[in-house]
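Each protein sequence line maps, in turn, to chains A and B.
If you count by numbering that gives the first Met the number 0, then the first sequence holds residues 0 to 143, one letter each, in order.
If you count by numbering that gives the first Met the number 0, then the second sequence holds residues 0 to 143, one letter each, in order.
All residues carry an ideal CB built from backbone N, CA and C; glycine is no exception.
Report on the structure given below.
There are 2 protein chains.
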Amino acid sequence: MLSQSVEYALRAVVFLARAGEPRTTAQVAEATQVPAPYLSKVLQGLARAGIVRSQRGVGGGMTLVPKPDKLTILDVVNAVDPLQRIESCPLGLREHGVKLCALHRRLDNAMKSVEDAFRNSTLADVLADPNPSVPLGSLADSAE
Amino acid sequence: MLSQSVEYALRAVVFLARAGEPRTTAQVAEATQVPAPYLSKVLQGLARAGIVRSQRGVGGGMTLVPKPDKLTILDVVNAVDPLQRIESCPLGLREHGVKLCALHRRLDNAMKSVEDAFRNSTLADVLADPNPSVPLGSLADSAE
Chain A
0 MLSQSVEYAL
10 RAVVFLARAG
20 EPRTTAQVAE
30 ATQVPAPYLS
40 KVLQGLARAG
50 IVRSQRGVGG
60 GMTLVPKPDK
70 LTILDVVNAV
80 DPLQRIESCP
90 LGLREHGVKL
100 CALHRRLDNA
110 MKSVEDAFRN
120 STLADVLADP
130 NPSVPLGSLA
140 DSAE
Chain B
0 MLSQSVEYAL
10 RAVVFLARAG
20 EPRTTAQVAE
30 ATQVPAPYLS
40 KVLQGLARAG
50 IVRSQRGVGG
60 GMTLVPKPDK
70 LTILDVVNAV
80 DPLQRIESCP
90 LGLREHGVKL
100 CALHRRLDNA
110 MKSVEDAFRN
120 STLADVLADP
130 NPSVPLGSLA
140 DSAE
């Protein structure tokens, strides 16, 4: 259910957060194991949402704009492939309108649970997790 | 996050459960508001999973195979567009293996919450829900 773009965007922000200073697209691509053309597209989406910024010149590259404790998984997901909630009857039934039926209410509740979980997880939470498997593992170190 | 195929498959099983007897593909297409060629593909997926069966001859058509209290939303979803859990490190990191990092653990937990919710909702639950908006509404009546 989560797209490749979401997976790649999350890897990129984790890498940039761990780096803490500008990284070239080539460095991000290496550390995240994402093909450079695909990565560029994902980074463009993140830049449009104000999550990353490109700095030119010597020592330039991509940097993370928000502090990791202000950036949620949901922010990243919605920047590249927004979670689709069911706002009104997909069948366009006027008698249902915004009062979803029992089927669509259940589907939307499941989407809401994902949205809530992602909203409640900041990048800082992910990086501070005591889990011994560190996101990106040694890939991030070798590209730093 | 839920595909069009999932939405259409759920509409089809709701309709067949409400009908309780064989319905032609044309009747299912009308009641579910799904283009017939797309619906046929979805019904093939449901048939392969043993959820619907096609009966030939006079009075024939598609019928639902399991009783609605034995068919979950998850069964229908997995028949046409299986929920993707994260079983092992998407980066293929040997040091992570099946011990997901803090990022992928969070993503998979969200997928698990959806899977659990769908596994705990049978078609009978959906149809017996006191919600005044009945799935498919009057569309199902007009095609019956």
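Output the distance between the C-alpha atoms of residue i and residue j, rounded to the nearest integer angstrom.
{"i": "serine 120 of chain A", "j": "isoleucine 72 of chain A", "result": "6 Å"}
{"i": "alanine 11 of chain A", "j": "glutamate 29 of chain A", "result": "10 Å"}
{"i": "leucine 138 of chain A", "j": "aspartate 115 of chain B", "result": "33 Å"}
{"i": "arginine 105 of chain A", "j": "histidine 103 of chain B", "result": "25 Å"}
{"i": "glycine 145 of chain B", "j": "phenylalanine 14 of chain B", "result": "A question about residue 145 of chain B goes unanswered here, because the residues of chain B that appear run from 0 up to 143."}
{"i": "valine 33 of chain A", "j": "tyrosine 7 of chain A", "result": "7 Å"}
{"i": "glycine 136 of chain B", "j": "leucine 126 of chain B", "result": "11 Å"}
{"i": "leucine 9 of chain A", "j": "valine 57 of chain A", "result": "26 Å"}
{"i": "alanine 35 of chain A", "j": "valine 27 of chain B", "result": "45 Å"}
{"i": "alanine 46 of chain A", "j": "tyrosine 37 of chain B", "result": "37 Å"}
{"i": "serine 153 of chain B", "j": "leucine 1 of chain A", "result": "What is shown of chain B runs 0 to 143, which leaves residue 153 of chain B out entirely."}
From the options, pick the residue whose C-alpha is nearest to that of residue i; which is it?
{"i": "leucine 122 of chain B", "options": "A/Leu138, A/Glu94, A/Ala101 and A/Tyr37", "result": "A/Ala101"}
{"i": "asparagine 108 of chain A", "options": "A/Asn77, A/Val27, A/Leu82 and A/Lys40", "result": "A/Leu82"}
{"i": "glycine 19 of chain B", "options": "B/Ile85, B/Lys66, B/Cys88 and B/Leu42", "result": "B/Lys66"}
{"i": "leucine 70 of chain A", "options": "A/Gly91, A/Arg104, A/Gly56 and A/Ala48", "result": "A/Ala48"}
{"i": "serine 87 of chain B", "options": "A/Ser132, A/Leu99 and A/Ala8", "result": "A/Ser132"}
{"i": "serine 4 of chain A", "options": "A/Arg17, A/Ser53, A/Ser39 and A/Leu99", "result": "A/Ser39"}
{"i": "arginine 55 of chain A", "options": "A/Thr23, A/Leu99 and A/Ala35", "result": "A/Thr23"}
{"i": "arginine 84 of chain B", "options": "B/Gly96, B/Pro134, B/Ala46 and B/Ser112", "result": "B/Ser112"}
{"i": "glycine 96 of chain B", "options": "A/Pro134, A/Gly96 and A/Asp140", "result": "A/Pro134"}
{"i": "isoleucine 148 of chain A", "options": "A/Ala35, A/Asp68, A/Leu92 and A/Val57", "result": "Because residue 148 of chain A is not part of the residues shown, which for chain A are 0 to 143, the question remains open."}
{"i": "phenylalanine 117 of chain B", "options": "B/Val57, B/Asp140 and B/Asp74", "result": "B/Asp74"}
{"i": "threonine 31 of chain A", "options": "B/Leu9, B/Leu90, B/Leu99 and B/Ala46", "result": "B/Leu90"}
Using a C-beta to C-beta distance shorter than 7 Å, which residues of chain A count as neighbours of residue i?
{"i": "proline 34 of chain B", "result": "Within 7 Å Cβ-Cβ: nothing; proline 34 of chain B doesn't reach chain A, min ~14 Å."}
With distances taken between CB atoms, is the gap from residue i to residue j smaller than 8 Å?
{"i": "valine 76 of chain A", "j": "glycine 44 of chain A", "result": "no"}
{"i": "proline 129 of chain A", "j": "threonine 62 of chain A", "result": "no"}
What in chain B is Cβ-close to residue i, meaning under 7 Å?
{"i": "alanine 46 of chain A", "result": "Chain B residues near alanine 46 of chain A: none, gap ~21 Å exceeds 7 Å."}
{"i": "lysine 66 of chain A", "result": "Per Cβ cutoff of 7 Å: no residues; lysine 66 of chain A is ~18 Å from chain B at best."}
{"i": "valine 195 of chain A", "result": "Because chain A in this structure spans residues 0 to 143, residue 195 of chain A falls outside the shown range and cannot be described."}
{"i": "aspartate 128 of chain A", "result": "Ala101"}
{"i": "proline 89 of chain A", "result": "Glu6"}
Mind pulling the chain B residues with CB within less than 8 Å of residue i?
{"i": "methionine 0 of chain A", "result": "Met0, Leu1, Leu82, Gln83, Met110 and Val113"}
{"i": "valine 133 of chain A", "result": "Cys100 and Ala101"}
{"i": "valine 125 of chain A", "result": "Ala101, Leu102 and Arg105"}
Residue i touches chain B at which residues, Cβ-Cβ below 9 Å?
{"i": "phenylalanine 117 of chain A", "result": "Arg105, Leu106 and Ala109"}
Name the two residues that bound the continuous alpha helix (DSSP H) containing residue i.
{"i": "glutamine 26 of chain A", "result": "24–31"}
{"i": "serine 120 of chain A", "result": "It is not in any alpha helix (DSSP H) - serine 120 of chain A carries neither H nor E in the DSSP assignment."}
{"i": "glycine 44 of chain A", "result": "35–47"}
Report the neighbours of residue i on chain A: residues whose CB is nearer than 9 Å to its CB, in chain order.
{"i": "isoleucine 72 of chain B", "result": "Leu102, Arg105, Leu106 and Ala109"}
Could you give the first and the last residue of the continuous beta strand (DSSP E) run that contains residue i?
{"i": "serine 53 of chain B", "result": "51–54"}
{"i": "leucine 63 of chain B", "result": "60–63"}
Between residue i and chain C, is there a C-beta pair that is closer than 8 Å?
{"i": "leucine 63 of chain B", "result": "Any reference to chain C falls outside this structure, whose protein chains are A and B."}
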